[in-house]
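K.L.:
Numbering (the working numbering), first residue to last: 873 to 943.
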Ligand code: FES
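1. Mind checking residue 904: buried by the 16 CB within 10 Å criterion, or exposed?
2. Check residue 883 in the structure and name its three-state DSSP category.
3. Is residue 929 buried or exposed, if buried means 16 or more other CB atoms sit within 10 Å of its CB?
4. Are residue 878 and residue 899 touching if we call contact CB-CB under 8 Å?
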């Protein structure tokens with residue numbers, strides 16, 4: 873995966889966001905709480921929403937259930 877800086881205010885890149893999604897984060901607010909991305913000017917929020925949505929559609933259903941128990 874090509875990495876890119878998503879949140880310029882808090883220097884959070886896509887790999888960091890995906891890493892939290894793979895470990896059980898489920899929403900943009902989870903990503904905000906865990907990384908502080910999107911908590912300053914908010915300009916990156918639509919991009920974070922897209923990454924979260926894209927991750928949710930890619931994840932196989934059995935992996936979703938496994939992660940749900942892991943939180
Ligand atoms: S660019 Fe992410 S909060 Fe400003």
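Positions of the beta carbon are idealized from the N, C-alpha and C atoms, including for glycine.
P.N.:
Well, looking at it:
1. By 1-based counting over the chain shown, the position of residue 904 is 32. Buried, because 16 or more other Cβ atoms sit within 10 Å of the Cβ of residue 904.
2. Here residue 883 refers to the residue found at position 11 of the chain shown. The answer is coil: DSSP assigns residue 883 none of H, G, I, E or B.
3. Numbered from its first residue, the chain shown carries residue 929 at position 57. That one is exposed.
4. Taking the chain shown and counting its residues from 1, the one referred to as residue 878 is at position 6. Taking the chain shown and counting its residues from 1, the one referred to as residue 899 is at position 27. For residue 878 and residue 899, no; Cβs fall outside 8 Å.
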